[in-house]
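Only one structure is covered here, and it is reproduced in the block below.
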Amino acid sequence: MTVFLTIIVLALLAVTGWQMSKIFQLSQGNQNVGNDSEVANDKDNRINGYLSIMFLIFLYVISIYCFWNYSEFYLPEASSAHGADYDTLMFITIALIMFVQVITQFLLFYFSNKYAGKKGQRALFYADNDKLEFIWTIIPVVVLAGLILYGLFTWSDIMNVEETEDTMVVELYAYQFAWRARYSGDDNTLGKANVRYIEGINALGVDPSDNYGKDDVITTELHLPVNKPVLFKFRSQDVLHSAYMPFFRAQMNVVPGMITQFGFTPTVTSEDIQESEFMIKKVRKINEIRRENSKDLVAKGEEPLDSYEFEYYLLCNKICGKSHYNMQMKIVVESEEDFNAWMAEQKTLSEELSAQASN
Ligand SMILES: [Cu+2]
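Pasting the structure below:
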């Protein structure tokens, strides 16, 4: 690969050098070089005009093909309360950009063809037109200002999470290469934590002298009760990570040395999304592919692939090291009763610490 790249770079450098030497020769008016073949004639201009139109058609066809062929990879409706606002903002932005893109690309390539160079024809000298300039300044200003204001309002709606008594506070702790969730326990307040307190079972560095930390619960799965607002506090032990929960339209950087936060209300349980029409179709398709691939594996005497089941996951979305690709934690959205039953099985930090001490 390195050899291949080096060859490409050297070839491009050679082409650059050759082109530059030609430019120098032309600019010096060297008639021996500047023969007819070096200056575009009417035929060359016509060919390039047609090529412009071909390129325009190619752009449209590839865009339509991509939308049509890859639309199955769109995420389904958001599983969080704010997700619909976020999706609407995204859709309006893309629709506006596509609309402008389709028109401006057409104008660009259509006129390049229409006014291709012809011998003896000179361009019209046209200094300016106040009315035209006014129109093409004011329309983008109004549209962009509207889009930015709309985006800002949506942003502040999503980001300003009001912490009420009902809000559940959960810490998401990132390290190379896994996640831990820390629930704040009955007092709904997380104990202080610092990397200096990391010792043995206290892998998140919770301050052992802080009473708020004693009932904290540390888990390897993130369970969330449906329709209950949750406020995540993110900490990182080592490098920059990014907490990414695409089905909930949530992402936040996880930065060593500071606490970042993001809140949302999950609205669709894991069970409900698994039984949704979208997910049944998707899982069936993935399992068909797995069955096909398993045939080859079995023929080679290897184990067949497991069948796939959908679960929500918290993923890392910053390239943070060699096992970044596998840095994930399962998310289970469930009813309040199921959540409470699961929570009752978990051990608090003080229980874990005393178990460690008695060992
Ligand atoms: Cu990471």
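Numbering-wise, the sequence shown is residues 389 to 747 according to my numbering. Each residue gets a CB set at the ideal place from its N, CA and C atoms; glycine is no exception.
Here's a check: name, in chain order, each residue in its chain whose Cβ is nearer than 8 Å to the Cβ of residue i, leaving out the five neighbours to either side.
i, result
"Asn675", "Ser695 and Tyr696"
"Val421", "Residue confidence is low: Val421 scores 47 on pLDDT, short of 50, so the model does not pin down where it sits. No coordinate-derived value is stated."
"Val529", "none"
"Thr653", "Ser468, Ala469, His470, Asn615, Lys616, Pro617 and Val618"
"Glu659", "Glu722"
"Arg434", "Ala504"
"Asn429", "Lys507"
In chain order, what residues of the same chain have a beta carbon less than 7 Å from the beta carbon of residue i, not counting five sequence neighbours either side?
i, result
"Ala472", "Ala466"
"Asn728", "none"
"Val686", "Pro692"
"Ile441", "Phe497 and Asn501"
"Arg678", "Leu693, Ser695 and Tyr696"
"Ile396", "none"
"Thr481", "Leu535"
"Phe443", "Phe497"
"His611", "Val720, Glu722, Phe727 and Trp730"
"Val494", "Rather than Val, the amino acid found at residue 494 in this sequence is Phe. Result list for Phe494: Leu444, in chain order."
"Gln734", "Val605 and Thr607"
By DSSP's criteria, residue i is part of a beta bridge. Which residues make up the other side?
i, result
"Ile606", "Arg570"
"Thr736", "Val605"
"Val656", "DSSP lists no partner for Val656."
"Lys710", "Looking at the DSSP assignment, Lys710 forms no beta bridge with any residue, so it has no partner."
"His629", "Val642"
"Val686", "Looking at the DSSP assignment, Val686 forms no beta bridge with any residue, so it has no partner."
"Cys704", "Ala631"
"Pro528", "DSSP lists no partner for Pro528."
"Tyr561", "Arg568 and Arg623"
"Asn590", "Glu587"
"Leu444", "Per DSSP, none; premise fails for Leu444."
"Lys718", "Tyr701"
"Ser468", "Pro654"
"Pro613", "Glu722"
"Val618", "Met556 and Phe652"
"Ala533", "Answer is none; Ala533 lacks a bridge partner."
"Ala581", "Val594"
Does the beta-carbon of residue i, which I'm using as the reference point, lie nearer than 7 Å to any heavy atom of ligand 1?
i, result
"Met715", "yes"
"Ala729", "no"
"Lys616", "no"
"Cys708", "yes"
"His629", "yes"
"Ala638", "no"
"Cys704", "yes"
"Ala562", "yes"
"His470", "no"
"His611", "no"
Could you name the residues of the same chain whose beta carbon sits closer than 6 Å to that of residue i, not counting the 5 residues immediately before and after it, in chain order?
i, result
"Val583", "Gly593"
"Leu703", "Tyr632 and Gln716"
"Ile589", "Glu740 and Gln744"
"Tyr438", "none"
"Lys621", "Glu559, Ile647 and Gln649"
"Glu339", "Outside the shown range of the chain (389 to 747) lies residue 339, about which nothing can therefore be said."
"Thr542", "Asp473 and Leu477"
"Ser738", "Lys602"
Exercise. If you pair each beta-carbon of the stretch 705 to 721 with each one of the stretch 621 to 640, do three or more pairs fall below 8 Å?
Worked result: Under the three-pair Cβ rule at 8 Å, the stretch 705 to 721 counts as touching the stretch 621 to 640.
Problem set entry | Segment contact flag, the stretch 529 to 538 with the stretch 590 to 603, C-beta cutoff 8 Å, min 3 pairs | no
Exercise. Can we say the stretch 555 to 571 touches the stretch 611 to 620, given the rule of at least three CB pairs closer than 8 Å?
Worked result: These segments touch.
For this session: Count the C-beta pairs between the stretch 697 to 715 and the stretch 500 to 513 that are closer than 8 Å, then say yes if the count reaches three, no if not.
Result: The stretch 697 to 715 vs the stretch 500 to 513: no contact.
Exercise. Are three or more beta carbon pairs between the stretch 652 to 668 and the stretch 676 to 684 nearer than 8 Å?
Worked result: no
Problem set entry | Cβ pair count under 8 Å reaching 3, the stretch 443 to 456 against the stretch 637 to 653 | The way I'd put it, the stretch 443 to 456 doesn't touch the stretch 637 to 653; fewer than three beta-carbon pairs between them come closer than 8 Å.
Problem set entry | Inter-stretch contact (C-beta, 8 Å, three-pair minimum) for the stretch 600 to 616 and the stretch 573 to 583 | yes
Exercise. At a cut of 8 Å, does the stretch 557 to 571 reach the stretch 619 to 630 through at least three beta carbon pairs?
Worked result: yes
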